[in-house]
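K.L.:
Chains as they are written, first to last, in the UniProt record's numbering: chain A, 1 to 424; chain B, 1 to 424; chain C, 1 to 424; chain D, 1 to 424.
#1: Thinking C-alpha only, which one of B:44, B:200, B:138, B:215 is nearest residue 419 of chain B?
#2: Could you spell out the range, first to last residue, of the beta strand (DSSP E) harbouring residue 293 of chain B?
#3: Check whether the Cβ atoms of residue 290 of chain A and residue 280 of chain C lie closer than 8 Å to each other.
#4: With a threshold of 8 Å, are at least 3 pairs of Cβ atoms found where one atom belongs to the stretch 403 to 417 of chain A and the other to the stretch 221 to 231 of chain A?
#5: Taking 8 Å as the CB-CB cut-off, is residue 262 of chain C touching chain D?
#6: Give me the chain A residues within the contact set of residue 238 of chain B, using Cβ-Cβ distance strictly less than 8 Å, ordered along the chain.
#7: Please give the ranges of any alpha helix (DSSP H) in the stretch 31 to 77 of chain C, keeping only runs that are unbroken, at least 4 residues long and fully inside the region.
#8: Mind listing which residues of the stretch 264 to 293 of chain D have their C-beta closer than 7 Å to chain C's C-betas, in chain order?
#9: Roughly how many angstroms separate the alpha carbons of residue 15 of chain B and residue 363 of chain C, rounded to a whole number?
#10: Measuring only between beta-carbons, confirm whether residue 196 of chain A sits less than 8 Å from chain B.
#11: Hey, is residue 246 of chain A's beta-carbon within less than 8 Å of any beta-carbon in chain C?
#12: Output, in sequence order along the chain, the residues in the stretch 357 to 370 of chain D whose CB is closer than 8 Å to any CB in chain B.
#13: Which value, in whole angstroms, describes the spacing of the CA atoms of residue 372 of chain D and residue 147 of chain D?
#14: Secondary structure at residue 126 of chain C, three-state DSSP: helix, strand or coil?
#15: In angstroms with no decimal places, state the Cα-to-Cα distance between residue 164 of chain D and residue 79 of chain D.
#16: Got a sec, what are the start and stop residues for the alpha helix (DSSP H) residue 388 of chain B sits in?
#17: What is the DSSP secondary structure of residue 95 of chain D, counted as helix, strand or coil?
#18: Taking the alpha carbon of residue 240 of chain A as the reference point, which residue from C:116, C:268, C:166 has its own alpha carbon closest?
#19: Along chain A, which residues have their Cβ under 7 Å away from the Cβ of residue 255 of chain B?
#20: Does DSSP put residue 6 of chain B in a helix, in a strand, or in coil?
#21: Buried or exposed: where does residue 273 of chain B fall if 16 or more other Cβ atoms within 10 Å of its Cβ makes it buried?
#22: Does DSSP classify residue 353 of chain A as helix, strand or coil?
#23: Suppose the cutoff is 7 Å on Cβ atoms and the five residues either side in sequence are ignored; what does the same chain contact list for residue 375 of chain A look like?
#24: Measuring only between beta-carbons, confirm whether residue 314 of chain D sits less than 8 Å from chain C.
#25: Looking at residue 179 of chain A and residue 110 of chain A, is the spacing between their C-beta atoms short of 8 Å?
#26: Does residue 303 of chain A have its Cβ less than 8 Å from a Cβ in chain B?
#27: Taking DSSP's pairing of strands, which residues face residue 379 of chain C in a bridge?
#28: Give me the residue from C:338, C:82, C:198, C:318 with the minimum Cα distance to residue 413 of chain C.
#29: Quick one: using the 10 Å Cβ neighbour count with 16 as the cut-off for buried, is residue 421 of chain C buried or exposed?
#30: From the DSSP output, which residues share a beta bridge with residue 86 of chain B?
#31: For a quick check, are the C-beta atoms of residue 124 of chain C and residue 384 of chain C less than 8 Å apart?
#32: Would you report the Cα separation of residue 154 of chain A and residue 392 of chain A, rounded to the nearest angstrom?
#33: Could you tell me which residues DSSP pairs with residue 418 of chain C in its beta bridges?
#34: Which stretch, first to last residue, makes up the alpha helix (DSSP H) that contains residue 183 of chain C?
#35: Count the other C-beta atoms from every protein chain shown that fall within 10 angstroms of the C-beta of residue 398 of chain A, then say buried if there are 16 or more, exposed otherwise.
#36: For residue 258 of chain B, decide whether its Cβ has a neighbour in chain C, counting only Cβ atoms nearer than 8 Å.
Rendered as structure tokens:
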């Protein structure tokens, strides 16, 4: 094992032990910032690279402050952590070669999931002693590896700076889970100068050693939290004085599912949760719905979302209750740039770490908010792609026994670094 | 049988043979006008005594004109029918004694029901040859008798004019069925000068020869016709282009039934009919609902109606469709004036035709729009009551075999006439 | 203050400091049993006087065992508490005079409410140092006073045993709140030998020093907990594999509110709470509804309940989910026996503690499960009534500042004791 | 114009003048039978080739008998019409060459649509005097041409019998509109001996002179008529006695639209019509829904249909009403056999009438019940395809101005005939 590989493993296991939820990746970001600073990257952090109005589903102030204390007590780099203290945990690290050339950006994500990691002896992180130290938080989607790949790539860029051209930007994004963090960085214009944009993910069912140069098929999505506020009254004594938030919510739920199909592509709609009322004999004065819409493309998702909003407004009017719709997550659809994907595929095909490659995979997939960056880069005339490095999974994504083949990280670092050379 | 009684029977059977629906009582009204004119009453007719904006559920122009032709061909008095030709079929006939005294008003109604009268040999009108000549129209609620009682009362008033004081107003109201006609006459101020107002009805379950001086308990009611207008589209080809009026109406129907009870009194709500859509594979662009609300008093009914309106507006908003709410009938609640009722009871107790009497009956009842007159008179400081002359019924009201004991008419004429003397 | 009155206050304040929820009145019951035993009453306790199958909304085993430990540590009488350890906390205490005479029963209740008692200085229990020691438990409906009145009455009965006839039964009922406990005692036949049954309550809006001999108008009620069990699936990936419990519950809620009014009397229906689903993007596999039905009499409530059950079954069928309906509370309607009420009124009128009395109050009221005892006694030919001792309330029932005028307790004890003499 | 072409035009215009609805194609079938008999085909007709239990949406006896009278009076061939008198209007005509060879079947359909044909001077059938003679019936989908093509093909087969091998079966199917007729013929096993099955259609948006050898993408579909039967009652007087069919239907409609999407392919669902109730103030005792489900393949449609059935059953249970589900139309999905399609394409490419051809078109389409034949043939190891002969349309299918380029018929006859030679 070479030096870089052992470093990658060390980084990854450290991140894995200290998983942090979206917009709370303070410890992680401080370590990332510290390493990148040492490597000679220029750093922009926190609100410099995140537009606060576009953060979605961000934890409240109390929770954010409490986590900041936790981070300070759990290994955050004290000299670097302050910019992230309010929960704006994004970083853009730039290496300017000061030679003419393209601007190439790589995006990685850093957040964990609210899952209790397995304590089974067979679970590799448990066996090797790097299981999550935080109850109900776990890197169960590989973002610890993604952050690590970003640092590995930074290392190679720094080591090879003199032979490179143009600028290289590394984007460390918070809160990809729930598609909540990318938009605020895109709106902060961090990719507006980018010619080539590459996002990457490990796993996702792609076999170990295989590579997908352009993963398409991400569904556009909106995550909505709906609150209905009515008026409580005693259901036996004064039923007519209540404004029934439970009925408004039930009616909304039912009619949201009845939103018509769209002839131009697949749609999805779900009301995953409903909680209403405070007592059997009280007209419920409060109800919340957790809703998710999806569409095969952004336009179709916008259609479904608009219909859902109309249903919600109508339900509220029916029962004379007030309502609030909060968008707590959102992603658009995107189509990778084939030309850029071909460059990546070439790099992969030349790599000893990659056994097989696919140029484009259009099969339907979940949602990803890297699409906000892709859309913006392509609108500005640049190229963008979302690539996948296959790896052996111990269990599926979001599973308590999720784990990857750690050697995939070095493969990814190498292929991504080679793409810079090819694009120079 | 004396002369008056035989005249009553003759009139009643004539009206029975030619039943006319609400706002179409042209033949009936022309005959009434002709007789009252001859008896020396001053006549106000049609729009003179009806405020057009408050007619509810009035047949359209085409239907009204067609019926006018029918009336002309079926015995309408040609010199009197013209004022009723547009469907404003109310009459107020006034006998002014030119002596000081109170203004006393009596209300009778004239309209029939869309029922096919029985052809059974045992059915008295069939046996005696005065069955309805009009398919699907029948005097199945006794309004033929009411009109007749009004004429009988007019006869006695005319005969006894010299011994009477004050003014007597006879109000012949159209369209009591569906509670559609009274309000337009009340709004035309026909009872604004009235000191004593007496409405009467035969039957309603009161035994033959019995008398109720103040029938209370009428529920306030609103009859609403709702139309939703959406946008049709091919349900297979372009489901997203439709605006679904059927779904809006279904959602409205369901939620209308869910309107809360009222702690201050009984409510009723019904969506009696729904018709929507034009083809299996078309998103329905049109839906109609026929709705009825009721409340133990006017305030409660207004509450239910307002809730129903909110539900309808909300349903329309849910599906992006337009809607229209038409009030096609309405009645308020009312409480008879006990003092006036006591006068009527005294008259009844002195009458050889009446076996037993009750001062007040507060048990729940259907709806009656005479309540609009009662409310107006009482608001102006007058007294009002709604009395019932019991009669033997061959079958219940609104039944194809409905029939009354014809001798009840003379009893009613006598008691009502005596009340004038007592109130003078 | 005489000796009895100071004892009453002492008892009441002790109970007030240690409020216990329904079916968990172990400390309370052990103290009651200890006192009654000392006074010479025969005791039947726990399952002897409660039919387990008819206990409704009883806490689970774990909660019950935990509370038993709490009771042992918080003053329960160790020699008496064991029969109540499984949560069957009813007591029937009998004084048999061994002289011929009627069997007279008095019912009092013992349970508290899940309310956090006020810490305001102005709140009398706080000021006097007997505020609840238990977070989120409070005697906020006066059952501490009721239990005390039962003990005061027992004291007088014991003191005067020689001058009394027949048998006197004191029924200490658990879990009146939520109408959950009475039925299990009635089904255990504890009132089947009773000639006169008297339940009593303090407060309820009756002014201080006033007395209502027969409070009627209790609505029959059923409290239902509904659980729908479906199948979870990923809403984006495999929507067709889910069985949607949230939709079943929403549809049930909506249609439950749409249950028709009943022409024979008032009804109420409420879905007070709904909780469904476990994640935005998961088809919800579980939903619970908390439902309450009411009817002006038992038959009407049974009608509403049956309709609700049909709606629930149908909703489950719609979505292919399973369901369970648990009746967690129930009460019937009842009409007090006027003759017995008149006896009580006479006692009240003779009492120096009572300023004014009413024989019968038929105005609508909440629900009470003493009605199960009343119905049973009356069905067996006995007489029953539910009387109210007015008291000055610091705040309404179920309010965190609820408090009574403690002198009402002595008044109640005296009037109830006098009724025994009158009925002997 | 050669003799065959003029005959085709004559036939087509005759059929066009006398359009007949599905299962009522008595006149048409009698003429077809007469011509085929003369040409030497063996005929099987009516119930010989239709399984009565699988006829869907068949007109009732009264309507069928009335149409038989109409057919007799409007040119039906009296010697041939009797087998069709009960509405089983299918024909299978077989030409057995008595030489070894494959069995080849061609399907054409014969039914018209309930559309009032345009009387505009610019409308070709009007101008040329062959506009529909029947109000509200029109050949607006080209089935008159299809029947004619079948007869033209028969003519060529008869003329060339000696040079052909195997057997040729011509299937004249009733009631393709609403996908109601094919299944009954497939269930009668009329294609169970078939090696090659070819259905064809003119138009459908394919340009004039173009040819699609295998039109795929038909959605599987079910057409359901739902009837709910409840109990009427007076909504004011006895609301609790009703069983509300309107509410059951409204609830069903809403929840049918809420049936989840399917991850394996597109679905459609529509409640196109709802009609319920008989009076504003009556609890509705009857409601009907017209429903259509679709799925990208048969399995998906079966899923949607099963869900809809569960919703309907649940809605009925909710309101205690009875229900009936009638399947009045159904089609499966199908995929053409590429090998057979290639044969047809070759014939087309060699034809002077065809300008361009496509082997397979998989884009989504409406529904077609020829798929029942295709499925059956393929399940038995045969090959099947559905081909389209493009033509110039005056207006879209199902439009009152629909018309075709009549020369397409000869082109179709020739290509289809050549396919026999190629398959021999």
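Yeah, the Cβ is synthetic: ideal placement off N, Cα and C, and Gly gets one too.
P.N.:
Quick look at the numbers:
#1: That would be B:200, whose Cα lies nearest to the Cα of residue 419 of chain B.
#2: For residue 293 of chain B, the enclosing beta strand (DSSP E) stretches over residues 286 to 295.
#3: Cβ distance < 8 Å, so residue 290 of chain A and residue 280 of chain C count as in contact.
#4: Taking a contact to require three or more Cβ pairs closer than 8 Å, the stretch 403 to 417 of chain A and the stretch 221 to 231 of chain A do not qualify as touching.
#5: Taking 8 Å as the threshold, the shortest C-beta distance from residue 262 of chain C to chain D falls below it.
#6: Those are 263, listed as they occur along chain A.
#7: The qualifying runs are 61 to 73.
#8: Residues of the stretch 264 to 293 of chain D with a Cβ closer than 7 Å to any Cβ of chain C: none.
#9: When rounded, the distance between both Cα atoms is 49 Å.
#10: No, because no Cβ of chain B sits closer than 8 Å to the Cβ of residue 196 of chain A.
#11: By this cut-off, residue 246 of chain A is an interface position.
#12: Within the stretch 357 to 370 of chain D, the qualifying residues are 366, 367.
#13: The alpha-carbon atoms of residue 372 of chain D and residue 147 of chain D are separated by roughly 19 Å.
#14: Helix at residue 126 of chain C.
#15: Each residue's Cα considered, the two are about 30 Å apart.
#16: Where residue 388 of chain B is concerned, there is no enclosing alpha helix (DSSP H), although the beta strand (DSSP E) it sits in stretches over 383 to 389.
#17: Strand at residue 95 of chain D.
#18: Among C:116, C:268, C:166, the Cα nearest to that of residue 240 of chain A is on C:268.
#19: Here the neighbours are 251, 318.
#20: Residue 6 of chain B falls in the helix class under three-state DSSP.
#21: Under this definition residue 273 of chain B is a buried residue.
#22: In the three-state DSSP reduction, residue 353 of chain A falls in the coil class, being neither helix nor strand.
#23: Hits under 7 Å: 332, 334.
#24: Contact of residue 314 of chain D with chain C is assigned, a C-beta pair being separated by under 8 Å.
#25: Contact annotation: residue 110 of chain A and residue 179 of chain A have beta-carbon atoms that are not nearer than 8 Å.
#26: Yes, contact with chain B.
#27: Residue 379 of chain C is not bridged to any residue.
#28: For the options C:338, C:82, C:198, C:318, the alpha carbon positioned closest to that of residue 413 of chain C is the one of C:198.
#29: Classification for residue 421 of chain C: exposed.
#30: BP columns for residue 86 of chain B are empty, so no partner.
#31: Contact flag unset, no.
#32: The alpha-carbon atoms of residue 154 of chain A and residue 392 of chain A are separated by roughly 25 Å.
#33: Note: residue 418 of chain C is not bridge-paired with any residue in the DSSP secondary-structure output.
#34: 182 to 187 is the extent of the alpha helix (DSSP H) around residue 183 of chain C.
#35: Classification for residue 398 of chain A: exposed.
#36: Yes - at least one Cβ of chain C is within 8 Å of the one on residue 258 of chain B.
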